[in-house]
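S.K.: Going by the numbering used here, the residue at position 23 of the sequence shown is 5; the numbering climbs one at a time, nothing skipped.
All residues carry an ideal CB built from backbone N, CA and C; glycine is no exception.
Treat the numbers as computed from the prediction; the structure is a model and nothing was measured.
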Amino acid sequence: MTQKVFLQTFGCQMNLADSDEMFNHLRARGAQKAQTPEEADIILVNTCTVREHAEHRAVSFLGRLAKWKKERPGRIIIFAGCAAQRLGNQLKKEFPFLDIVAGAKSMDTFSALLDKSGLFPPAQEVLPPQTEGLTGYVTIMRGCDFRCTYCIVPYVRGGVKCLPHEQILQEAAQKAAQGAKEIMLLGQTVNAYRDGDVSFADLLNRVSQVPGVERVRFMSPHPAYITPDFLAAVRDNPKIAKHIHLPIQSGSTAVLQAMKRGYTREILLEKLAALKACGMTVSTDIIVGFPTETEQDFQDTLTLVDEARFFAAYCFKYSPRQGTPAAQMELLPEQTLEERLDILLNKVRDLSARAYTAQVGTHQQVLMETENKGRTSNNFWVKTTKNYKIGSVVPVEITRADGTLLFAKE
Ligand code: SAH
Ligand code: SF4
Ligand code: F3S
């Protein structure tokens, strides 16, 4: 009988791509996707541990599966990803009904783990992963060589390993052949990619030449690798999206140093100006309430946000992660974190509304993601007046902005 697997993915896009990859190994053993946990024989939970709250969500999801497992004999639970890596075998003690723990570092050995469990039929030929939707996600590197003092990612994902560029191009071509119009290249410090002579800029250019690819995006870059050859590629290649999600974390040099981010406020401002000069819009991630953050440091973040005019920002309250250097430091009062988050979120909302309004009157190419909605190269959502084929590129003029949606005339 065919086993049906339900995928529950928490965390970042890297995890989404990993879930696809793990599903593919199950598919090679005859499994199919289930739409709900009720109809599933296998649940694969892919987890995040970047903040305490994320790990808590993953573990409480697992706790709730005790009942699901009891309802039908033979049901299988696989707990994978970053929280699985951090908590490891301790989980099996706490949740004896758990069948397989596959930490984020065990992606390469996932297939062997399945075999070792004896719970699945032997693998047939591993088929290319199937792409659903317009965007094909392609992991180009795993892990991270930075050691930002607040961050758990390097501990649970290990150091950088870049995939061979030939393999990446082949995967992009497969996804494009399956209908992906946009390729999203993924890695924790994606722009640190290098494979022999092939730099990240080279890779962007090569992926953009794959037949069928209309647009190339990437996630998440690090400011340290915003290099002249990368900027040149963005400027000269219209298929590279004119949008970058560049996490800055703080606008204060003192905090950036305490975080060991490897850049100052001034360097950041230079890089942001260079990106803008190439026509890029920038969104970001910011942490408020890092242990050393003074009121003045926080003001520095606010002024930088104003200057940079991010069109979107994910803002997080600092969350101590066990084993990281910053976890040894004394925490700021929770109330301070909340107040700062609130102030920052209000500013970001304002900036976002202004950025959308500033698009009115411009001409854009919209890549349709539904019949009447798509995104510009700058990553703004646009609603069209007529319906189009999903995946087509429609030239429009922006006539109106409403919150975080633009309206177009074609
Ligand atoms: N590799 C990316 C992002 C990794 S994690 C980068 O280097 O920028 C995603 C985001 O989570 C980070 O950008 C950061 O803003 C946030 N984050 C990471 N650790 C955190 C912590 N301990 N507390 C709060 N936010 C954190
Ligand atoms: Fe974490 Fe820093 Fe690495 Fe990003 S660059 S994953 S924030 S250690
Ligand atoms: Fe979370 Fe792991 Fe991604 S900790 S943010 S799922 S790399």
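How would you write the range of the beta strand (DSSP E) that Leu349 sits in, first residue to last?
M.R.: Looking at the DSSP string, the run of the beta strand (DSSP E) that includes Leu349 is 345 to 350.
S.K.: Can you grab the Cα-Cα spacing for the pair Gln346 / Pro193, in whole Å?
M.R.: For Gln346 and Pro193, the distance between alpha carbons rounds to 22 angstroms.
S.K.: I'd like the ranges of any beta strand (DSSP E) spanning at least 3 consecutive residues and lying wholly in the segment 91 to 161.
M.R.: Here the runs fully enclosed are 117 to 121.
S.K.: Can you determine whether any heavy atom of the ligand SAH sits closer than 7 angstroms to the C-beta of His204, and answer yes or no?
M.R.: Checking every heavy atom of the ligand SAH against the Cβ of His204, one is found closer than 7 angstroms.
S.K.: Cα separation between Val189 and Gln239?
M.R.: Each residue's Cα considered, the two are about 35 angstroms apart.
S.K.: Can you tell me whether Asp218 is buried or exposed, with buried defined as 16 or more other CB within 10 angstroms of its CB?
M.R.: By the 10 Å Cβ count, Asp218 comes out exposed.
S.K.: Beta carbon of Thr263: closer than 7 angstroms to some heavy atom of the ligand GTP?
M.R.: With respect to the ligand GTP, the structure offers nothing, as its ligand set consists of the ligand SAH, the ligand SF4 and the ligand F3S.
S.K.: Based on the DSSP output, what are the partners of Glu379 in its beta bridges?
M.R.: According to DSSP, which records beta bridges pairwise, Glu379 is partnered with His345, Lys391.
S.K.: Please state whether DSSP places Thr29 in a helix, a strand or coil.
M.R.: Strand, per DSSP.
S.K.: Looking at the ligand F3S, does it come within less than 7 angstroms of Arg247, judged from the CB to the closest heavy atom?
M.R.: Every heavy atom of the ligand F3S is 7 angstroms or more from the Cβ of Arg247, so no.
S.K.: Drop a sphere of 10 angstroms on the beta-carbon of Glu37, count the other beta-carbons inside from all chains shown, and report buried for 16 or more, exposed for fewer.
M.R.: Buried.
S.K.: DSSP three-state label for Leu314, please.
M.R.: Here Leu314 sits in coil by DSSP.
S.K.: Report the rounded CA-to-CA distance for Arg247 versus Gly45, giving the unit in angstroms.
M.R.: When rounded, the distance between both Cα atoms is 43 angstroms.
S.K.: Does the Cβ-Cβ distance between Thr131 and Ala295 come in under 8 angstroms?
M.R.: Not a contact, by the Cβ cut-off of 8 angstroms.
S.K.: Given 8 angstroms as the limit, is there contact between the segment 90 to 109 and the segment 152 to 159, that is, 3 or more CB pairs closer than that?
M.R.: With the cut-off at 8 angstroms, the segment 90 to 109 and the segment 152 to 159 do not touch.
S.K.: When the Cα atoms are used, what is the spatial distance from Trp50 to Met(-17)?
M.R.: Taking the straight line from one Cα to the other gives about 19 angstroms.
S.K.: Output the boundary residues of the beta strand (DSSP E) element that contains Val198.
M.R.: Run containing Val198: 197 to 201, per the beta strand (DSSP E) assignment.
S.K.: Could you pull the start and end residues of the alpha helix (DSSP H) that Cys64 belongs to?
M.R.: Start and end: 64 to 69.
S.K.: Measuring straight from C-alpha to C-alpha, what distance separates Asp394 and Tyr245?
M.R.: One cannot answer for residue 394 here, as it falls past the ends of the chain, which runs -17 to 392.
S.K.: Do the CB positions of Gln106 and Ala10 come within less than 8 angstroms of each other?
M.R.: In this structure, Ala10 lies closer than 8 angstroms to Gln106 by Cβ.
S.K.: Starting from Ser265, follow the beta strand (DSSP E) in both directions and report where the run begins and ends.
M.R.: First-last of the beta strand (DSSP E) with Ser265: 263 to 270.
S.K.: How would you label Gln40, buried or exposed, when you count the other beta carbons within 10 angstroms and need 16 or more for buried?
M.R.: Looking at the sequence shown, residue 40 is not Gln but Ala. Buried, because 16 or more other Cβ atoms sit within 10 Å of the Cβ of Ala40.
S.K.: Work out the CA separation of Ala94 and Pro55 for me, nearest whole Å.
M.R.: Approximately 24 angstroms, taken between the alpha carbons.
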